[in-house]
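Worksheet for the structure shown next.
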Amino acid sequence: MEMRKYRTAMILVIGILVAIMLWQSFSQPSVSDLKGGFTEVAFYRNENNTGPVVRVYIVTVADPENAEMEAYGNYMLHTKFGNTKVYFFPEGNPTPTNVSGGDVNFSAEFNSSYIAKYEKNASGLVVFEKKN
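Per UniProt numbering, the sequence shown starts with residue 1, numbered consecutively.
This is the structure in structure tokens:
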């Protein structure tokens, strides 16, 4: 009888621990929790899996005044020795849909349209530039 109570108690404790771990796993903050109303419009990733991985994101922002753009950039994937860039455009304005790697990521006609740029380089240094 004593062994049965011990076994029931252990199953209950393990069940509670598993429930807590699952709840914490699924309640982590994400991009959708950030202020600003972000929508990913275009994405580029080079096909080079043996060298540096380059990622470029084009994102529209519904509320640029209150947007947490740098936090959004921190949520984006980054590979060690790779480069990640995120360009933020105001929602409703012309936005590039064709994106490429390298120094020039989209057509020059959109250079004056983006409101901020987030970049994490190969050494992990983050540069966030917001236009005025």
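C-beta: ideal position from N, C-alpha, C; glycine also.
These figures come from a predicted structure and were not determined experimentally.
Between the region 110 to 130 and the region 71 to 78 there are three or more inter-stretch CB-CB distances shorter than 8 Å, so the stretches are counted as touching. Taking 4 residues as the minimum length, the alpha helix (DSSP H) runs contained wholly in the region 32 to 84 are 69 to 75, in order along the chain.
In the three-state reduction of the DSSP assignment, Val-126 falls in the strand class, which pools E and B. As computed with DSSP, Glu-119 is found in a beta bridge with Lys-85, Val-127. By the neighbour-count definition (other C-beta atoms within 10 Å, threshold 16), Gly-102 is an exposed residue.
Looking at the DSSP output, Pro-90 bridges to Val-61. Judged by beta-carbon spacing, Val-56 lies within the 8 Å limit of Asn-105, meaning their Cβ atoms are closer than that value. Taking C-beta separations shorter than 6 Å and ignoring five residues to either side along the sequence, the partners of Phe-110 in its chain run Pro-96, following chain order.
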